[in-house]
Every structure is written in structure tokens, then in C-alpha cells.
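Residue numbers (the numbering used here): 80 to 479. From the three backbone atoms N, C-alpha and C, an ideal C-beta is built for every residue, glycine too. A quick write-up on the structure given underneath.
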Ligand code: GLU
């Protein structure tokens with residue numbers, strides 16, 4: 080449509096949201112659908128957080144707030160960074176937005192000029208490249224392979240950097256692979272960044288608390304303090320506290336960048352929901368014990384899904400360190416035909432046929448930049464996961 084902008088033509092709608100919407104539509108039509116598409120915890124938001132939100136409503140905390148966050152939340156965020164990451168920030172270095180998405184987007188809009196490049200390791204979360212495009216920049220994809228558990232190598236990072244590079248977007252544990260970088264692996268990457276003083280790092284730490292076995296989370300500004308002045312550390316309450324719908328994300332970094340991000344927010348959406356901000360204060364300052372409890376369930380589900388998917392013909396599923404995703408390869412299924420008669424030419428065809436023939440919704444790998452694979456979100460009940468994986472096994476066994 081001629082009326083729409085050229086920028087819009089450069090981007091596509093979010094595929095993770097598209098799959099989730101499609102699964103919901105089929106369910107509404109009465110189809111037996113198991114949704115493994117959406118990346119959101121199935122747990123309810125903890126009671127103390129809900130109570131804090133109710134109290135905020137009753138106390139009339141329902142008006143505009145400071146554009147980029149109430150002082151109480153900024154203070155709680157500073158305390159969180161100190162407690163969990165050993166990072167010192169003052170409230171002026173903190174911004175709060177409507178989900179991690181808005182925070183990442185603000186940072187890109189605040190910094191990118193036409194032609195500026197942003198290095199994005201693949202597999203990547205679906206929205207990074209399109210956000211860069213919307214902000215007028217150029218995504219530069221740095222491939223990470225299955226051999227390195229889909230983790231970016233220093234060599235691949237070095238090769239992706241040019242004089243136009245403005246940012247590296249770093250994400251550990253990763254959406255979609257669940258891969259988590261160890262301290263040494265991250266240090267090898269920050270060493271590369273030290274040699275390129277014009278490159279900043281945007282670290283998306285959304286899955287920080289969702290780690291299993293004895294994996295220890297770390298973040299760039301913590302691993303390499305010399306990068307503190309060119310790092311934006313992004314996080315949020317959505318995943319760790321089962322608060323996806325409340326839409327609170329936050330970031331900390333250099334004051335000038337934080338101010339610029341606030342300026343954009345002041346002209347676009349103003350403050351994130353006041354009640355959600357008070358709920359987030361309670362999430363960060365209140366008891367943290369349910370995180371470990373939830374993680375026990377997530378780890379059990381991860382192990383279940385990895386085992387069942389590896390038992391499916393043509394599927395190879397690595398064991399990830401964190402998040403609530405697995406990212407199996409389906410190289411062994413490509414070129415075959417499903418029972419329903421679909422040629423599995425690529426991972427999109429696999430995901431479409433899987434949904435149509437078995438009712439299991441997953442997100443195809445091409446959406447995340449690495450094929451042929453698919454992403455499973457295992458943030459759903461053990462029973463649903465068992466049934467879904469059994470259907471995937473059946474579907475794969477039926478490929479000819
Ligand atoms: N981050 C989640 C996912 O990857 C939520 C959907 C989205 O915002 O992409 O599924």
C-alpha cells in the first residue's frame with residue numbers, strides 16, 4: 080500500500096507472536112492444540128507481587144509517573160544490579176520501559192544513524208534485526224554454529240565488526256537456544272570489544288535467573304569492567320517473576336544514553352503502567368525464593384523435552400544451560416514428506432505441517448536466523464509437554 084512507509088516494508092511482524100496468535104485461533108475453533116510457541120512462563124505471578132499491585136491501585140497510584148520510572152523502582156533496580164551482578168549504578172543511570180522490547184528499541188532509536196551496523200549473533204531473538212531496521216540501522220548477522228552450542232566465537236565477532244559497527248547485541252541465556260555463556264567464553268568476546276573502542280554492547284539479560292545445573296550467569300559489564308562505560312545492561316521482570324503481561328523492562332548504562340532513551344519515551348508512550356511499576360518494586364525487593372522453585376520445574380521439563388525430542392527420528396536436540404527453550408536441529412527430516420502429504424522442504428514447512436497434522440505449535444528456525452531447526456518453549460505443564468513430544472515423535476516417524 081503506497082500510503083505506508085518505506086521503513087515498514089523493511090520489517091516483518093514478530094513470528095513468535097504470529098505462532099502464538101495462530102495457535103490461539105485454532106484453539107478457539109475447537110482444535111486440540113498444544114502451544115509450545117510463546118516464550119512465557121505458565122506459572123502465575125506470585126501473590127506478594129499481585130498484592131503490591133492491588134495496594135498501589137487502592138492507594139491511588141494510578142496517575143502519570145516520571146517518564147522512565149518511579150524513583151522507588153529505579154532504587155530497587157540499582158539494588159538488584161548490585162546484589163545479583165556486582166554492578167554499581169545510580170538511579171540516573173536507570174531507565175524503565177514497557178517491557179524489555181521498548182527498552183531495546185529506545186536504545187537503538189537513540190543511537191543509530193542511517194547505515195550504522197549492529198552485530199547480532201544468530202540464532203537470535205526474532206525482534207533484534209527488525210528493531211534495528213525500524214531504527215534505520217543495518218543488522219549484521221554473525222553466525223554461531225551447533226558445534227559451539229550456538230555460541231558466538233571471538234573469531235566470528237571480530238569478522239563481523241566494521242568501522243560502521245555501533246552495537247553488539249548479546250543475549251545469554253539465549254532466546255531461542257537457551258545457550259548460556261560461561262565467564263571465560265564471555266571474557267573472550269569482551270576482549271575482542273576492548274580492541275574496538277567504537278563498539279558498544281547491549282546485553283539482553285532477560286533470562287538471567289533461569290539457569291540450570293551448576294551454570295553461573297554473568298554479564299559483560301561485570302566480566303569486563305573496562306566496558307562499563309559502553310554497555311547497556313537490559314533486564315526485566317517478565318520471565319523470572321512470571322510477569323509477561325505487566326510489561327516492565329529496564330536497563331542501566333551511561334547517563335547520556337539513558338537520558339536520550341527517556342527523551343524518546345517522553346515523546347512516544349510516556350511512563351510504563353504505574354501499577355505494574357509498583358508490582359515490579361515488590362518483585363525486585365521482595366522474597367526471591369520462588370525463582371529457585373520455578374527453576375526446579377523448568378529443569379525437569381527441559382530434561383524431559385530434550386530426552387523425548389532426541390528420541391524422535393531425524394531430530395537432534397542439544398541440552399541448553401538456561402531460559403525455557405530448546406532448539407533442536409531437524410536436518411534429518413528435510414526432503415521427506417509427511418503423512419499428510421507435505422514436503423518438508425525447510426523448517427517453516429516442518430512447523431506448518433506439524434501444527435496442521437498434530438496440533439503442536441512451535442516456531443520455525445528461519446525466524447531466528449538458523450535453519451533447519453525449530454524452537455520449543457517448555458514453559459508449560461509436564462503433561463502437555465509429554466503429549467506434545469509424543470506427537471512430534473509420531474510426526475517424525477511418519478516422514479517418508
Ligand atoms: N520473548 C518471547 C518469545 O520469544 C515473547 C514473544 C516475543 O515478544 O517475541 O516468545
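| request: Please go through the same chain and pick out, in chain order, the residues whose beta-carbon is closer than 6 Å to the beta-carbon of residue 282, but skip the five residues on each side of it. | output: 249, 298, 299, 312
| Where do the ends of the beta strand (DSSP E) carrying residue 82 lie? | Premise fails: residue 82 is in no beta strand (DSSP E) and is neither H nor E.
| Taking only runs of the alpha helix (DSSP H) that begin and end inside the segment 367-391, which ones reach a length of at least 4 residues, in chain order? | 368-389
| request: Measure the C-alpha to C-alpha separation of residue 255 and residue 400 and round it to an integer number of angstroms. | output: 12 Å
| query | When every heavy atom of ligand 1 is checked, does at least one fall within less than 7 Å of the C-beta of residue 355? | reply | no
| said: If the criterion is Cβ atoms closer than 8 Å, does the pair residue 334 and residue 152 meet it? | reply: no
| said: Going by DSSP, what residue range makes up the beta strand (DSSP E) through residue 350? | reply: No beta strand (DSSP E) holds residue 350; DSSP gives it neither H nor E.
| message | Using 8 Å as the threshold, is the C-beta distance between residue 410 and residue 451 below it? | response | yes
| message | Just verifying my parser: in three-state terms, what is the DSSP assignment at residue 293? | response | coil
| message | Under DSSP, the beta strand (DSSP E) around residue 453 begins and ends at which residues? | response | 453-456
| said: So the candidates are 372, 172, 277; which of them puts its Cα closest to the Cα of residue 341? | reply: 172
| Mapping DSSP to helix, strand and coil, what is residue 114? | strand
| query | When burial is assigned at 16 or more other CB atoms within 10 Å of the CB, is residue 229 buried or exposed? | reply | buried
| said: Let's see if you can read the secondary structure: which residues bound the beta strand (DSSP E) around residue 149? | reply: Residue 149 -> no beta strand (DSSP E), and no H or E assigned at all.
| DSSP on residue 176, reduced to helix/strand/coil? | strand
| request: Would you kindly work out how many angstroms separate the C-alpha atoms of residue 185 and residue 343, rounded to a whole number? | output: 7 Å
| If you check the beta carbons only, do residue 94 and residue 446 fall under 8 Å apart? | yes
| said: I need the DSSP call for residue 405, collapsed to helix, strand or coil. | reply: strand
| query | Which same chain residues, not among the five before or five after residue 212, have their C-beta less than 7 Å away from its C-beta? | reply | 89, 90, 218
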